[in-house]
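Written below as structure tokens is the structure these notes are about.
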Ligand SMILES: [Zn+2]
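In our numbering, the protein residues as written are 104 to 258.
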């Protein structure tokens, strides 16, 4: 099996055998750009792909009443993506991404409270103006958010 070269990666220290994710380089770049464009508001969007691979990140409007502190994905974009996945014209919606302009590199208390516990992937982009960006990946599991390791790959 060919070894993949990771352009960027993270391995949570508390990892207990969680499945690793692959993120395409374009999806990784789009999430970082969206986070910086939205600051000081939170960016958010959909993650499309299959199983354990994030192929495409689709930034959507943050329709939360207080977008500097919360995120809420535009429901119309969410419905359209689910419809496209069912039609077979779009990739599966495997999860969501959002940014933390305050630099918190893990789910916030609000995220914990709004989690659906449905097994989807959450990517959190901790983006600060000093350029110290950190992307962390989580699975919204039945027992709470589990950290996921990831590898960003070309193409
Ligand atoms: Zn959050």
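Backbone N, C-alpha and C fix where the C-beta goes; we use that ideal spot for every residue, glycine too.
Please read these numbers as outputs of a predicted model, since none were measured by experiment.
The secondary-structure analysis by DSSP pairs residue 249 across a beta bridge with 242. Ligand 1 has a heavy atom closer than 6 Å to the beta-carbon of residue 211. Annotation: residue 185 to residue 195 spans about 7 Å, alpha carbon to alpha carbon. Within the DSSP bridge table, the entry for residue 189 names no partner.
Short note on residue 236: C-beta not closer than 6 Å to any heavy atom of ligand 1.
Boundaries of the beta strand (DSSP E) harbouring residue 126: 124-127, taken from the DSSP string. A straight line joining the alpha-carbon of residue 145 with that of residue 178 spans about 16 Å. Under the three-state reduction of DSSP output, residue 213 falls in the helix class. Rounded to whole angstroms, residue 214 and residue 243 show a C-alpha spacing of 10 Å. In the three-state reduction of the DSSP assignment, residue 131 falls in the helix class. The beta-bridge partner set that DSSP reports for residue 114 is empty. Here residue 232 is exposed. Its C-beta has fewer than 16 other C-beta atoms within 10 Å. Taken through DSSP and simplified to helix, strand or coil, residue 223 comes out as coil. Residue pairing from DSSP places residue 195 in a beta bridge opposite 152. Ranked by Cα distance from residue 247, the first of 229, 157 and 212 is 212. The closest heavy atom of ligand 1 lies less than 6 Å from the beta carbon of residue 214.
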